[in-house]
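Numbering (my numbering), first residue to last: 477 to 778.
Glycine included, each C-beta is placed from N, C-alpha and C at the ideal position.
Only a predicted model underlies this, so the values are computations on that prediction, with no experimental measurement involved.
This is the structure:
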């Protein structure tokens, strides 16, 4: 009797659990579209009205508070975002993937657990604290080392963003390497491969999808970061010509100016247009990654 009752209960519970899981999956899609709709709705009056898109994308003049003629050019902001993100990725992707390979394949078990805890604790540090580190610690160091008049610049912001991205890249990359079956390693060793050859010839090709995902998560972390780059990059609207130039990013502009705008005004709505642009950039990065991963899988299956 008890067994029959438990069986009936499990049959009743299974559709309910399935419905909850399905609801969770669809709710994630709904929330993403709802956020995009909200941001797009606030910026639409300027996007389809008074905003000159040619000037918006090609002008370096960002003067939203000008009493003579307000100018909304984001070319310098795009250049600042791209330069800081590119430098952060150049530093964090090799460091993060290298740390993942070391922790996964070369590290003794006790040291591995300690390193994983220490590296992942970096992800728990608030971004404003990273901003303080960039402003109070890296700023004087870069002035002393490079001779630059000010140390809050692209190099400072890139280093800070790289340190913030390494824990994510390392954690996801290590999981991807651990997911490779041990039979791959054993077969390579049986053929006489060294440990480095196993990593380079076997593990990296087998885990390339997961490693690509790790790198893209790092890019997303860098592009979307606000407070740290606001404090560490100098917040200057200009096209950079060297790593020692201060810049301003799209996210830092929204964070610094949204609280000072009049709700419903042109400046307010242009900031939401920038938010829409950021969401489209994130969508394109993820779409490109998805196409690349599918291409890699297609070649492997073929």
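DSSP three-state assignment for residue i, whether helix, strand or coil
| i | result |
| --- | --- |
| residue 724 | coil |
| residue 669 | coil |
| residue 730 | helix |
| residue 658 | helix |
| residue 642 | helix |
| residue 705 | helix |
| residue 764 | helix |
| residue 528 | coil |
| residue 743 | helix |
| residue 738 | coil |
| residue 517 | helix |
| residue 629 | coil |
| residue 698 | helix |
| residue 510 | helix |
| residue 681 | helix |
| residue 498 | helix |
| residue 715 | coil |
Residues sharing a beta bridge with residue i, DSSP
| i | result |
| --- | --- |
| residue 548 | 538 |
| residue 710 | 723 |
CA nearest to the CA of residue i, picked from the options
| i | options | result |
| --- | --- | --- |
| residue 710 | 549, 526, 615, 573 | 615 |
| residue 634 | 687, 646, 560, 605 | 560 |
| residue 620 | 720, 673, 697 | 720 |
| residue 683 | 656, 694, 692 | 656 |
| residue 766 | 513, 625, 750, 686 | 686 |
| residue 447 | 557, 707, 642, 506 | Residue 447 falls outside the range modelled here, since the chain spans only 477 to 778, and no answer is possible. |
| residue 558 | 750, 532, 630 | 630 |
| residue 613 | 627, 622, 536 | 627 |
| residue 546 | 553, 528, 552 | 528 |
| residue 580 | 537, 505, 651, 609 | 651 |
| residue 562 | 637, 607, 598 | 637 |
| residue 531 | 515, 705, 576, 551 | 551 |
| residue 750 | 504, 490, 586, 548 | 548 |
| residue 756 | 506, 625, 576, 511 | 511 |
| residue 606 | 738, 730, 708, 739 | 708 |
| residue 534 | 554, 623, 518, 517 | 554 |
| residue 608 | 738, 506, 704 | 704 |
| residue 430 | 659, 639, 508, 758 | The structure shown does not extend to residue 430, since the chain is modelled only from 477 through 778, so no value can be given for it. |
| residue 740 | 507, 519, 490, 649 | 519 |
If you pair each beta-carbon of the region 734-744 with each one of the region 494-507, do three or more pairs fall below 8 angstroms?
no
Answer yes if the region 693-706 comes into contact with the region 666-681, meaning at least three C-beta pairs across the two stretches below 8 angstroms, and no otherwise.
no
Would you be able to state if there are at least three C-beta pairs under 8 angstroms between the region 542-551 and the region 653-673?
Because the criterion of three Cβ pairs below 8 angstroms is not met, the region 653-673 and the region 542-551 do not touch.
Segments assigned alpha helix (DSSP H), at least 4 residues, entirely inside the region 561-626
Fully enclosed alpha helix (DSSP H) runs of 4 or longer: 585-597, 603-609, 615-622.
Meets three-Cβ-pair contact criterion under 8 angstroms: the region 515-533 and the region 737-754:
yes
Using a Cβ distance threshold of 8 angstroms, determine whether the region 757-766 contacts the region 687-695, with at least three qualifying pairs required.
Segments in contact, yes.
Is the region 712-728 touching the region 496-511 in the sense that three or more CB pairs, one from each, lie closer than 8 angstroms?
no
I'd like to know if the region 703-718 and the region 590-597 are in contact, where contact means that at least 3 CB-CB pairs between them fall below 8 angstroms.
no
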